[in-house]
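Asker: Please find one structure pasted underneath; my questions will follow.
Protein chains: 2
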Amino acid sequence: MVTNTHTTIHRNAHNLDQTFGALADSTRRAILVRLASGEATVGELAWPFEISRPAISKHLRVLENAGLVRRTVDGRISRCELDAAPMRDASEWVEFYRKYWEGQLDLLASYFNEKKKTTNEEKEK
Amino acid sequence: MVTNTHTTIHRNAHNLDQTFGALADSTRRAILVRLASGEATVGELAWPFEISRPAISKHLRVLENAGLVRRTVDGRISRCELDAAPMRDASEWVEFYRKYWEGQLDLLASYFNEKKKTTNEEKEK
DNA sequence: TATAATGGTAACCATATGGTTACCAATACA
DNA sequence: TGTATTGGTAACCATATGGTTACCATTATA
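Protein sequence lines, in the order shown, are assigned to chains A and B.
With my numbering applied, the first sequence covers 1 to 125.
With my numbering applied, the second sequence covers 126 to 250.
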């Protein structure tokens with residue numbers, strides 16, 4: 001079992017490249033949001049966006065290559081479904097830095113407290 | 126306060142593009158890992174990698190544009206430090222799918238249990 | 001002051017995205 | 001059997017990565 005996020009870095013480097021790369025586009029993220037509520041055809045995925053079918057097709061290929069979407073051909077139409085499994089490693093990777101962003105939020109808080117304190121001292125003058 | 130991950134999608138779409146994009150490269154992720162243990166000069170960041178300084182410089186620019194690294198010039202040398210704050214939104218976004226990958230892991234487990242059961246039944250023949 | 005070290009920019013090349021229009025293949029259906 | 005629908009591919013274009021070598025600016029330092 002993996003206990004430390006960074007033991008997975010080298011093993012899953014390629015997968016993480018593809019997963020993060022797939023998530024680095026708002027259209028693809030919107031597709032994933034849509035698929036979170038259930039499978040959909042390519043047409044159903046395409047209609048909210050004002051881009052062409054080939055563009056959607058390319059986005060789906062990127063998502064497929066990242067393992068985030070599975071496509072099954074059913075007669076004339078293709079059905080897509082979410083596979084969130086690759087996001088697990090991505091999530092673990094990013095979560096490692098939680099202590100840092102929380103630490104920085106603490107610093108930010110103490111900065112404002114310090115500022116408030118200073119302002120009060122100035123008022124007392 | 127943001128309670129639902131998806132309320133942040135449109136507001137932070139551009140930032141998420143840049144954050145996920147910055148994370149989609151193993152060299153940049155390694156740089157972030159290095160910076161997690163404290164600030165470093167550009168040279169210190171570059172030496173573990175067998176790529177040129179301009180390449181490192183470009184990676185640092187991508188990380189800077191994503192807001193993940195701050196660079197401060199100190200005389201002749203540049204010091205880089207981690208800013209993990211943008212990872213917070215990225216983490217929240219990905220975490221939304223936890224229930225999906227956990228559900229799929231459950232499905233996987235039940236699949237193997239079923240297979241085991243079938244195998245045992247075959248043994249009994 | 002001459003020189004070595006740090007690190008950036010310029011120019012170039014290859015590849016992956018991200019988009020388009022035009023066209024093709026398969027299939028459901030009048 | 002024609003035809004409309006679904007969705008893919010081909011070819012093309014623009015931009016961002018990801019890398020290189022060559023060169024330059026700044027700054028310590030002998």
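We treat Cβ as the ideally placed atom computed from N, Cα and C, and that holds for glycine.
If we count the other Cβ atoms within 10 Å of its Cβ and call it buried at 16 or more, is Ser57 of chain A buried or exposed?
Answerer: Result: exposed.
Asker: If we ignore side chains and look at the alpha-carbon of each, how far apart do Ile51 of chain A and Thr27 of chain A end up?
Answerer: Using only the alpha carbons, I get a separation of about 10 Å.
Asker: Where DSSP assigns a beta bridge to Ser78 of chain A, which residues make up the other side?
Answerer: For Ser78 of chain A, which the question treats as bridged, DSSP gives the partners A:Val73.
Asker: For Thr130 of chain B, I'd like the list of residues in its chain whose CB is within less than 8 Å of its CB, leaving aside the five on either flank, ordered along the chain.
Answerer: Note that Thr130 of chain B scores 42 on pLDDT, short of 50, meaning its location in the model is unreliable; the coordinates nonetheless yield the value given after this. Correct list, in chain order: Glu217, Trp218, Glu220 and Phe221.
Asker: Ala66 of chain A by DSSP, collapsed to three states: which one?
Answerer: Coil.
Asker: Do Gly20 of chain A and Ala85 of chain A have their C-beta atoms within less than 8 Å of each other?
Answerer: Checking the sequence, you will find Phe at residue 20 of chain A rather than Gly. No.
Asker: Of the residues that make up the stretch 33-64 of chain A, which ones have a beta carbon closer than 8 Å to any beta carbon in chain B?
Answerer: Against chain B - using a Cβ distance shorter than 8 Å - the residues of the stretch 33-64 of chain A are Val33 and Ala36.
Asker: For the alpha helix (DSSP H) that contains Ser26 of chain A, what are its first and last residues?
Answerer: Counting along the chain, the alpha helix (DSSP H) containing Ser26 of chain A begins and ends at Ser26 to Ala36.
Asker: Beta carbon of Val187 of chain B, beta carbon of Cys205 of chain B: below 8 Å?
Answerer: In this structure, Cys205 of chain B does not lie closer than 8 Å to Val187 of chain B by Cβ.
Asker: Report buried or exposed for Ala55 of chain A, applying the criterion of at least 16 other Cβ atoms within 10 angstroms of its Cβ.
Answerer: Looking at its Cβ environment, which holds fewer than 16 other Cβ atoms inside 10 Å, Ala55 of chain A is exposed.
Asker: Can you give the Cα-Cα distance for Leu170 of chain B and Met87 of chain A, rounded to whole angstroms?
Answerer: The alpha-carbon atoms of Leu170 of chain B and Met87 of chain A are separated by roughly 28 Å.
Asker: Taking the C-alpha atoms as reference points, what is the distance between Lys99 of chain A and Glu164 of chain B?
Answerer: Approximately 16 Å between the Cα atoms of the pair.
Asker: Is Ala40 of chain A helix, strand or coil by DSSP?
Answerer: Strand at Ala40 of chain A.
Asker: Does Glu81 of chain A have its Cβ less than 8 Å from a Cβ in chain B?
Answerer: With 8 Å as the cut-off, Glu81 of chain A does not count as an interface residue toward chain B.
Asker: Does Ile31 of chain A pass the burial test, meaning 16 or more other C-beta atoms within 10 Å, or should it be called exposed?
Answerer: Per the 10 Å Cβ criterion, buried.
Asker: Listed from N- to C-terminal order along the chain, which residues in the stretch 87-99 of chain A have their beta-carbon within a distance smaller than 9 Å of any beta-carbon of chain B?
Answerer: Flagged, chain order: Met87, Arg88, Ala90, Ser91, Trp93, Val94, Glu95, Phe96, Tyr97, Arg98 and Lys99.
Asker: Excluding sequence positions up to five away, which residues of its chain have a Cβ less than 7 Å from the Cβ of Gln18 of chain A?
Answerer: Taken in chain order, the residues that qualify are Asn65 and Ala66.
Asker: Between Gly21 of chain A and chain B, is any beta-carbon pair separated by less than 8 Å?
Answerer: Chain B contact via Cβ: present.
Asker: Quick one: Cα of Asp208 of chain B to Cα of Ile77 of chain A, how far?
Answerer: Distance between the alpha carbons of Asp208 of chain B and Ile77 of chain A: 45 Å.
Asker: In whole angstroms, what is the alpha-carbon distance linking Asp231 of chain B and Asn238 of chain B?
Answerer: Each residue's Cα considered, the two are about 10 Å apart.
Asker: Give a yes or no on whether 8 Å exceeds the smallest Cβ distance from Ser235 of chain B to chain A.
Answerer: For Ser235 of chain B, the answer is no, since every Cβ of chain A falls outside 8 Å of its Cβ.
Asker: Taking only beta-carbon positions, decide if Asp231 of chain B is within less than 8 Å of chain A.
Answerer: It does not: the Cβ of Asp231 of chain B has no partner Cβ on chain A nearer than 8 Å.
Asker: How about Asp25 of chain A: is its C-beta nearer than 8 Å to some C-beta of chain B?
Answerer: Closer than 8 Å to some Cβ of chain B, the Cβ of Asp25 of chain A qualifies, so yes.
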